[in-house]
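A short worksheet on the structure shown next.
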Amino acid sequence: MNVFWDQFNIKQRQAITAPLEHMIINAAAGTGKTSTLAARIIYMQTELDIAPHSILAISFSRTARVRLLEKITEFCKHLHTGSPVKVFTFHGLAFRIIRMAITYGETHLKPRFEVMNTEAEHNYIFASYRDQLLEGVAQNLDRENAHIAFLKIINELRQGSDELEPIHTHEELDPQYAIEVDIGLNMNVTVSCKDVKTVWRRYERILKHNNATDYNGLISEAVRIMSISNGETSNRVRERLQAIVVDEFQDTSRAQNQLLFSLAGSDIAVNVVGDPDQTIYTFNGSSVENMKKFGNDALDTNINVLPQIHMVENYRSTSAILDVANKVRQTTDFDRLLVVAKELKHSKSFDQTDNPVRLVHAPRLELAAEFVAIEIQRLIQEEGVKEHEIAVLVRKNSEYAPQGTMVINALRNTGLLLNTNNDKPLSSVKEESDFMYHFYQEPDTYGKRIDEILEASHEVTLPKYLSIEKFKSYLIDALDSGSEYCYEAAELLYEHLTDESSSADSSGIQVRTVHSAKGEEYKIVFLMYLGDRSFPHGSRPDYEEERRLLYVGVTRAREKLYILGRPGIHQEDFFSDCKTSNSCLERYMVTASSKSIEDDTIVLDSIEVSLINRARAKHISDKVAEREELRQLFEDE
Ligand SMILES: Nc1ncnc2c1ncn2[C@@H]1O[C@H](COP(=O)(O)OP(=O)(O)OP(=O)(O)O)[C@@H](O)[C@H]1O
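full-length UniProt numbering puts the first residue of the sequence shown at 1, with every later residue one more than the last.
Listed below in structure tokens is the structure:
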């Protein structure tokens with residue numbers, strides 16, 4: 001047993017073996033937050049005698065949930081003791097609380113209530129109500145803009161922010177102020193709180209009429225339910241609970257933080273771990289204030305707050321990668337630099353001194369994508385790297401910023417094995433999941449055991465697109481992930497349907513956004529596309545958030561990091577910011593499709609300024625190479 005704890009460093013051990021009190025671990029990227037949290041959960045069970053069902057873990061996304069459970073399971077196997085615990089996302093937890101409150105008559109929502117997750121769903125339901133919602137308010141605004149503005153304000157007020165505590169219902173809003181909100185496309189509009197109050201009241205009424213809530217409304221309603229004094233739901237939820245642990249705490253909103261402490265009440269210990277430098281969802285309400293105010297928020301409870309624990313020893317990346325991370329990291333109130341952990345072990349073939357971070361200046365996105373494809377091919381063929389060890393992380397993949405799509409297309413041309421969401425027939429998967437979600441929630445099935453349904457699966461009427469085999473495989477998956485009853489499967493599926501990060505499947509080359517790669521690590525990372533409007537993204541970027549996103553991207557790499565882009569001119573120059581003494585600058589200006597003489601001339605011109613180009617396309621026309629040799633000959637003379 002002792003040997004097991006010995007694998008952790010002093011700070012990690014301090015966190016793992018702390019007494020059962022409130023604790024905040026403020027730890028930088030790759031310092032072992034997930035491992036420490038998993039070990040802490042096992043320690044609570046084995047040394048502090050806390051039953052697994054008395055520990056509740058909360059993680060930020062479904063992927064993070066899977067990672068935490070994997071780590072716990074790995075440690076349990078190693079120790080031959082301890083068990084996995086329930087891990088929820090905040091929204092999944094709120095969903096469960098509301099479900100319970102329905103049983104006790106402590107919410108206006110009824111069984112099978114709808115949660116509007118997407119903007120499309122939202123617009124669909126509200127299109128017919130818009131006039132009613134906006135009647136007589138903000139007459140100076142176009143109706144479409146007014147609609148966006150009011151809903152955005154209501155959302156932001158419920159989430160809370162660094163400056164403002166959450167406001168959960170229209171009744172709490174003071175009508176004497178005005179609020180300014182950014183509604184996109186460089187437009188800010190100001191509306192009076194009196195109007196917000198009116199629209200919000202109508203909005204609540206419409207939702208109630210439809211037996212629906214929206215995504216953030218889930219949290220607000222759960223906070224309200226947990227605050228009912230001596231409420232049956234809160235008593236039931238807190239029953240037997242002794243500890244709540246939270247991963248990725250830096251990305252919780254003020255409202256989620258409120259839910260956390262209302263859940264904890266006065267005598268349940270809260271242990272949180274987070275990295276303020278990785279706060280990347282402020283647009284969605286995450287507030288780093290939660291980390292700063294942890295001690296304060298815990299003051300009203302009967303439990304002591306332990307001194308904050310800091311971790312900076314990084315077990316993931318090489319010093320060259322950490323140099324870049326430390327350079328791009330902005331100074332926050334939590335000042336610290338990442339250091340390489342002494343015990344860091346890399347693969348046998350890896351030589352640290354020979355592996356600087358490669359900054360590849362590709363003037364256009366297409367060139368960057370081409371470089372990535374060619375270099376990946378080389379890594380696999382010449383260095384024996386496996387496809388699943390490589391990730392291409394893009395800032396954005398949309399119609400206007402098709403960074404992922406370009407890389408995927410370039411990679412497809414090489415015939416390499418890919419792992420992207422785009423590779424899955426998303427619509428049919430969504431259709432099936434939606435069916436299962438509603439099936440689990442049917443009044444007749446909701447309280448039933450999944451294994452009973454499995455046995456009688458031939459009796460279930462299925463839609464055309466879902467075969468009996470597939471239906472059974474959904475049920476088996478639900479059983480495998482720890483659900484016993486249909487309502488538990490519904491909760492898990494709900495998290496799955498609302499999770500924007502991609503699946504935890506780790507085969508093939510990963511092409512994903514930096515946001516969705518949070519918490520993950522890869523041997524080799526290509527990060528792109530740095531440059532004006534691209535990364536930092538948009539015409540009026542939130543530079544601090546973008547910089548944190550860059551930091552998250554950089555710190556996903558273990559052994560090799562390629563950063564692709566071009567120097568910024570009109571915006572902060574993230575590309576040049578990545579230069580360190582341990583990074584090498586290259587230019588990639590050769591396109592493999594440059595075949596005509598005219599193009600060759602352009603290519604030659606670019607080679608003139610090219611510094612290194614190790615990954616040059618094999619199929620660049622021989623003519624270009626010949627002419628380059630000739631030109632160099634002349635130069636030498
Ligand atoms: N004491 C340790 N000794 C050796 N390896 C460790 C130790 N602690 C953590 N690691 C390894 O370091 C890597 C990073 O750990 P982990 O993913 O838990 O970090 P993290 O702090 O959650 O990272 P991030 O915030 O960047 O997602 C993992 O590969 C993990 O196995």
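Even glycine gets a Cβ: it sits at the ideal position worked out from N, Cα and C. Since we're looking at a predicted model, the values are computed, not measured.
{"Query": "Counted within 10 angstroms of its Cβ, other Cβ atoms place residue 406 as buried (16 or more) or exposed", "Result": "buried"}
{"Query": "Residue burial classification, residue 522 (beta-carbon count within 10 angstroms, cutoff 16)", "Result": "buried"}
{"Query": "heavy atom of ligand 1 below 7 Å from residue 275 C-beta", "Result": "yes"}
{"Query": "Own chain partners of residue 436 with C-beta closer than 7 Å, once the 5 adjacent residues on each side are dropped", "Result": "474, 493"}
{"Query": "Distance cut-off 7 Å: residue 35 Cβ against heavy atoms of ligand 1", "Result": "yes"}
{"Query": "Distance CB(residue 106)-CB(residue 204) smaller than 8 Å", "Result": "no"}
{"Query": "Beta-bridge partners of residue 27, as assigned by DSSP", "Result": "311"}
{"Query": "Reduced DSSP secondary structure (H/G/I, E/B, other) of residue 298", "Result": "coil"}
{"Query": "Alpha-carbon to alpha-carbon, residue 316 and residue 415", "Result": "30 Å"}
{"Query": "Residue from 51, 49, 58 whose Cα sits closest to the Cα of residue 37", "Result": "58"}
{"Query": "Cβ-based neighbour list, residue 170, same chain, cut-off 6 Å, excluding 5 preceding and 5 following", "Result": "197, 200, 201"}
{"Query": "Beta-carbon spacing of residue 194, residue 175 below 8 Å", "Result": "yes"}
{"Query": "Contact check, residue 269 vs residue 243, beta carbons under 8 Å", "Result": "yes"}
{"Query": "Sequence-distant residues of the same chain with beta carbon closer than 6 Å to residue 206, five excluded per side", "Result": "129"}
{"Query": "Classification of residue 7 by the beta-carbon crowding that lies within 10 angstroms, buried from 16 upward", "Result": "exposed"}
{"Query": "Burial state of residue 61 (16 or more Cβ within 10 Å)", "Result": "buried"}
{"Query": "Of the listed residues 478, 297, 565, 468, nearest to residue 451 (C-alpha basis)", "Result": "478"}
{"Query": "Local Cβ density within 10 Å of residue 518, reported as buried at 16 or more and exposed below that", "Result": "buried"}
{"Query": "Buried versus exposed, by CB contacts within 10 Å (16 or more), residue 71", "Result": "buried"}
{"Query": "Three-state secondary structure (DSSP) of residue 136", "Result": "coil"}
{"Query": "Any non-hydrogen atom of ligand 1 closer than 7 Å to residue 9 Cβ", "Result": "yes"}
{"Query": "Alpha-carbon spacing of residue 599 relative to residue 527, whole angstroms", "Result": "Only weak support is given to the placement of residue 599: the predicted model assigns it a pLDDT of 37, under 50, and the value that follows is read from those uncertain coordinates. C-alpha separation (whole angstroms): 28 Å."}
{"Query": "Cβ-Cβ separation, residue 190 to residue 179 (assumed contact under 8 Å), whole Å", "Result": "7 Å"}
{"Query": "Sub-8 Å separation of residue 64 and residue 247 beta-carbons", "Result": "yes"}
{"Query": "Spatial distance of residue 187 from residue 546 (CA atoms)", "Result": "20 Å"}
{"Query": "4-residue-minimum alpha helix (DSSP H) runs that sit fully inside the region 538-590, ordered along the chain", "Result": "543-554, 574-577"}
{"Query": "Cβ-Cβ distance between residue 273 and residue 564 below 8 Å", "Result": "no"}
{"Query": "Exposure of residue 587, with buried meaning 16 or more beta-carbon neighbours within 10 Å", "Result": "buried"}
{"Query": "Contact test: residue 12 Cβ vs ligand 1 heavy atom, cutoff 7 Å", "Result": "yes"}
{"Query": "Ligand 3 heavy atom lying under 7 Å from the CB of residue 513", "Result": "Among the ligands in the structure shown, ligand 3 does not appear; only ligand 1 can be found there."}
{"Query": "Environment of residue 438 [buried if 16+ CB atoms lie within 10 Å]", "Result": "exposed"}
{"Query": "Distance cut-off 7 Å: residue 252 Cβ against heavy atoms of ligand 1", "Result": "no"}
{"Query": "Proximity of residue 220 and residue 147 at Cβ, strictly below 8 Å", "Result": "no"}
{"Query": "Simplified DSSP state of residue 4, which is helix, strand or coil", "Result": "helix"}
{"Query": "Nonlocal neighbours in the same chain, by C-beta distance under 7 Å from residue 365, ignoring five residues either side", "Result": "403, 406, 529"}
{"Query": "When 151, 408, 192, 574 are compared against residue 513, the one with the closest alpha-carbon", "Result": "408"}
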